[in-house]
Amino acid sequence: MGLETRNLTRRINGKTRRVALTKVVLTSLLKPMITPLLPDWVDARFYASVEEMHALAPEAEIGWFDMDYTPPMVEAIRLAEKLKWLNSIYAGLDHLPLDLLKQRGVQITNGAGINAITIAEYVVMGMLTMAKGYREVVRAQERHEWLLESPGKVELYGSKALLLGYGAIGSLVEERLKAFNVDVTVVRRSPSPNTLGPDAWRARLGEFDWILLAVPATPETDGMIGAAELAAMKPTARIVNVARGSVIDQAALTTALTEKKIAEAFLDVTEPEPLPAEDPLWTLDNAHVTMHLSGRAQDKMFARAVERFLQNLHRYHAGQRLEPLVDLDRGY
Numbered sequence: 001m002g003l004e005t006r007n008l009t010r011r012i013n014g015k016t017r018r019v020a021l022t023k024v025v026l027t028s029l030l031k032p033m034i035t036p037l038l039p040d041w042v043d044a045r046f047y048a049s050v051e052e053m054h055a056l057a058p059e060a061e062i063g064w065f066d067m068d069y070t071p072p073m074v075e076a077i078r079l080a081e082k083l084k085w086l087n088s089i090y091a092g093l094d095h096l097p098l099d100l101l102k103q104r105g106v107q108i109t110n111g112a113g114i115n116a117i118t119i120a121e122y123v124v125m126g127m128l129t130m131a132k133g134y135r136e137v138v139r140a141q142e143r144h145e146w147l148l149e150s151p152g153k154v155e156l157y158g159s160k161a162l163l164l165g166y167g168a169i170g171s172l173v174e175e176r177l178k179a180f181n182v183d184v185t186v187v188r189r190s191p192s193p194n195t196l197g198p199d200a201w202r203a204r205l206g207e208f209d210w211i212l213l214a215v216p217a218t219p220e221t222d223g224m225i226g227a228a229e230l231a232a233m234k235p236t237a238r239i240v241n242v243a244r245g246s247v248i249d250q251a252a253l254t255t256a257l258t259e260k261k262i263a264e265a266f267l268d269v270t271e272p273e274p275l276p277a278e279d280p281l282w283t284l285d286n287a288h289v290t291m292h293l294s295g296r297a298q299d300k301m302f303a304r305a306v307e308r309f310l311q312n313l314h315r316y317h318a319g320q321r322l323e324p325l326v327d328l329d330r331g332y
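Below, the structure written as structure tokens:
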């Protein structure tokens, strides 16, 4: 299967001319919602399998190659030598061959912000789950046991949170935590009077009740929470990670949780994923593993992604800047 050449006939300066269509390759999951909205200069082809995606990729000028499994996406990109714009619903693209895309001059738009609302809600859910001991409440219900005491007595009110990562997710987390009267300190590349810079937060780790991780996955953030950082935290500190599993030294975290050096960790992401069945994080009472579900806990992801893609299609056709455009040097 391939993309045969198709053309659009238009009247230009009083003459009929054939204009080549822009070849776009994307998943068939989007076909029902996107087809009626595509402009007439788009030649859209939809794949329903890895084989179809790889067959269509070589002729794609615009590609949307998202799949749950990384290797087929990487192969599609390798095959797509005519690609000028790659779109993805994923915010983190560290699993893709960014060096190859940069070498070919491909523009990349990612899903930054698409899932920000539901992930921010997940952060709050994680904090409340740990604060109120909700896991034990669920277990008591399963045992048909009426508890007389709450297994968790921590209030968010008046607590202090360190928020690492202030993109679309981080800013929404801060906004929601203000309603709980949580004192949020933000870490940013460019610090302001109300934030900390990338070199200042470690010295203050011992001040915070909550360590919230929403940073992009880059070489700079790889292993940013290690044994030294965990040792600097309060024994009552709790971690929420919705970034990438790689931003935490997982072995050091497991040790810290096992030895009760910190109170708890709510991990939507792990290293690797899926987390192996024998990993001790599954069985630690103070570890909460939520299988990278935070971005999926919604029913609006594809609708938001399609709306953004269509806006960018018009920008692309007009030669305007696409949004959000990935900085291939930073990786996000």
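FYI, in my numbering the residues of the sequence shown are 1 to 332.
Glycine residues also receive a C-beta, built at the ideal position from the N, C-alpha and C atoms.
Specify whether the segment 215 to 223 and the segment 92 to 104 touch according to this definition: at least 3 beta carbon pairs, one from each stretch, less than 8 Å apart.
The answer is yes - the segment 92 to 104 touches the segment 215 to 223, with three or more Cβ pairs under 8 Å.
Let me know the secondary structure DSSP gives Thr283 once reduced to three states.
Against the sequence shown, residue 283 aligns to sequence position 283. In this structure, Thr283 counts as coil in the three-state DSSP scheme.
Relative to the C-alpha of Thr258, which candidate in Leu230, Asn312 and Glu271 has its C-alpha closest?
Within the sequence shown, the letter at position 258 stands for residue 258. The shortest Cα separation from Thr258 among Leu230, Asn312 and Glu271 belongs to Leu230.
Going by DSSP, what residue range makes up the alpha helix (DSSP H) through Ala265?
Locating residue 265 in the sequence shown gives position 265, counting from the first residue. Run containing Ala265: none in the alpha helix (DSSP H); it sits in the beta strand (DSSP E), Glu264 to Leu267.
Going by DSSP in three states, Gly126 sits in which element: helix, strand or coil?
Taking the first residue of the sequence shown as position 1, residue 126 is located at position 126. Helix at Gly126.
Under the rule that 16 or more other beta-carbon atoms within 10 Å means buried, what is Asp43, buried or exposed?
For this step, residue 43 is matched to residue 43 along the sequence shown. Counting C-beta atoms within 10 angstroms of its own C-beta, Asp43 has 16 or more neighbours from the protein chains shown and is therefore classed as buried.
Mind checking Ala116: buried by the 16 CB within 10 Å criterion, or exposed?
Position 116 of the sequence shown holds residue 116. When all chains shown are included, Ala116 counts as buried.
What's the gap between the Cα of Arg11 and the Cα of Trp41?
The count along the sequence shown starts at 1 and reaches residue 11 at position 11. The count along the sequence shown starts at 1 and reaches residue 41 at position 41. Confidence at Arg11 is low in this model, with a pLDDT of 45, below 50, so its placement is unreliable and the value that follows should be read with caution. Roughly 14 Å separates the two Cα atoms.
Whole angstroms are fine: how far does the CA of Val184 sit from the CA of Leu196?
Position 196 of the sequence shown, counted from the start, is the residue given in the question as residue 196. Position 184 of the sequence shown, counted from the start, is the residue given in the question as residue 184. Distance between the alpha carbons of Leu196 and Val184: 11 Å.
Of the choices Thr283, Trp201 and Asp268, whose alpha-carbon is the least far from that of Thr254?
The residue you call residue 254 lines up with position 254 of the sequence shown. It is Thr283 whose Cα lies nearest to the Cα of Thr254.
CB contact flag (Gly167, Ala112, <8 Å)
Locating residue 167 in the sequence shown gives position 167, counting from the first residue. Locating residue 112 in the sequence shown gives position 112, counting from the first residue. Contact check for Gly167 against Ala112 passes: the beta carbons are separated by less than 8 Å.
Helix, strand or coil: how does DSSP classify Leu212 here?
Taking the sequence shown and counting its residues from 1, one reaches residue 212 at position 212. Residue state, collapsed to three classes: strand.
Determine, using beta carbons only, whether Glu307 and His288 come nearer to each other than 8 Å.
Locating residue 307 in the sequence shown gives position 307, where the first residue counts as 1. Locating residue 288 in the sequence shown gives position 288, where the first residue counts as 1. No. Outside cutoff.
Alpha carbon to alpha carbon, what distance is there between Phe65 and Leu3?
For this step, residue 3 is matched to residue 3 along the sequence shown. For this step, residue 65 is matched to residue 65 along the sequence shown. Its pLDDT being 44, under 50, Leu3 is placed unreliably in this model, and the coordinates cannot settle the point.
If you check the beta carbons only, do Arg204 and Pro198 fall under 8 Å apart?
Numbered from its first residue, the sequence shown carries residue 204 at position 204. Numbered from its first residue, the sequence shown carries residue 198 at position 198. Pro198 is positioned such that its CB atom lies no closer than 8 Å to that of Arg204.
What is the rounded straight-line gap between the Cα of Leu313 and the Cα of Lys153?
As a first step, residue 313 is located in the sequence shown; it is residue number 313 there, counting from the start. As a first step, residue 153 is located in the sequence shown; it is residue number 153 there, counting from the start. The alpha-carbon atoms of Leu313 and Lys153 are separated by roughly 51 Å.
CA-CA distance, Ile239 and Pro280?
Along the sequence shown, one-based indexing puts residue 239 at 239. Along the sequence shown, one-based indexing puts residue 280 at 280. Taking the straight line from one Cα to the other gives about 17 Å.
Smallest Cα separation from Ala200: which of Val24, Arg143 and Leu164?
Indexing the sequence shown from 1 puts residue 200 at position 200. Nearest to Ala200 by C-alpha distance, out of Val24, Arg143 and Leu164, is Leu164.
Using C-beta distances below 8 Å, list every residue in its chain close to Gly222, excluding the 5 sequence neighbours before and after it, in chain order.
For the purposes of this step, residue 222 is identified with residue 222 of the sequence shown, where counting begins at 1. It should be pointed out that residue 222 corresponds to Asp in this sequence rather than to Gly. Excluding residues within five positions, the ones whose Cβ falls inside 8 Å are Ser246 and Val247.
Could you tell me the distance, in whole angstroms, from the CA atom of Met320 to the CA atom of Gln107?
By 1-based counting over the sequence shown, the position of residue 320 is 320. By 1-based counting over the sequence shown, the position of residue 107 is 107. Correcting the residue identity first, residue 320 is Gln in this sequence and not Met. Their backbone Cα atoms lie some 12 Å apart in a straight line.
To which residues of the same chain is Leu345 closer than 8 Å at the C-beta, ignoring the five residues directly before and after it?
This structure cannot speak to residue 345, because the chain is shown only from 1 to 332.
Between which two residues does the alpha helix (DSSP H) carrying Thr109 extend?
On the sequence shown, residue 109 is found 109 positions in, with the first residue counted as 1. From DSSP, Thr109 is part of no alpha helix (DSSP H) but of the beta strand (DSSP E) over Gln107 to Thr109.
If distances are taken between C-alpha atoms only, which option among Leu267, Leu162 and Met73 comes closest to His54?
Counting from 1 along the sequence shown, the entry for residue 54 is found at position 54. Ranking the options by Cα distance to His54, first place goes to Met73.
What is the DSSP secondary structure of Arg204, counted as helix, strand or coil?
In the sequence shown, the residue the question calls residue 204 occupies position 204. Note: Arg204 maps to helix in three-state DSSP.
Looking at Val186 and Gly170, is the spacing between their C-beta atoms short of 8 Å?
Here residue 170 refers to the residue found at position 170 when the sequence shown is read from its first residue. Here residue 186 refers to the residue found at position 186 when the sequence shown is read from its first residue. Result yes, Cβ atoms of Gly170 and Val186 sit closer than 8 Å.
Going by DSSP, which residues form a beta bridge with Lys23?
Position 23 of the sequence shown, counting from 1, holds the residue named residue 23. Note: Lys23 sits in a beta bridge opposite Asp43.
Under a three-way DSSP split, which group does Val154 fall into?
Residue numbering aside, residue 154 sits at position 154 when the sequence shown is read from its first letter. Under the three-state reduction of DSSP, Val154 is assigned to coil, being neither helix nor strand.
Going by DSSP, what residues sit across from Leu83 in a beta bridge?
For the purposes of this step, residue 83 is taken as residue 83 along the sequence shown, with counting starting at 1. The partner list for Leu83 (beta bridge, DSSP) is empty, contrary to what the question assumes.
Does the beta-carbon of Thr35 have 16 or more other beta-carbons within 10 angstroms, so that it is buried, or is it exposed?
Reading the sequence shown from its first residue, position 35 is the one you call residue 35. Exposed, since its Cβ has fewer than 16 Cβ neighbours within 10 Å.
Please work out which residues of its chain come closer than 8 Å, Cβ to Cβ, to Lys178, disregarding the five sequence neighbours upstream and downstream, and give them in chain order.
The residue given as residue 178 occupies position 178 in the sequence shown. Excluding five sequence positions before and after Lys178, the CB atoms of its chain that fall closer than 8 Å to its own CB belong to Val184, given in chain order.
Rounded to whole angstroms, what's the CA-CA distance from Glu142 to Leu322? Just pull it up for me.
Looking up residue 142 in the sequence shown gives position 142. Looking up residue 322 in the sequence shown gives position 322. About 50 Å.
Kindly indicate which three-state DSSP category Gly197 falls into: helix, strand or coil?
Numbered from its first residue, the sequence shown carries residue 197 at position 197. Correct three-state label for Gly197: coil.
Start-to-end residues for the alpha helix (DSSP H) that takes in Thr255
Position 255 of the sequence shown, counting from 1, holds the residue named residue 255. It spans Gln250 to Thr258 - the alpha helix (DSSP H) in which Thr255 sits, taken as one unbroken run.
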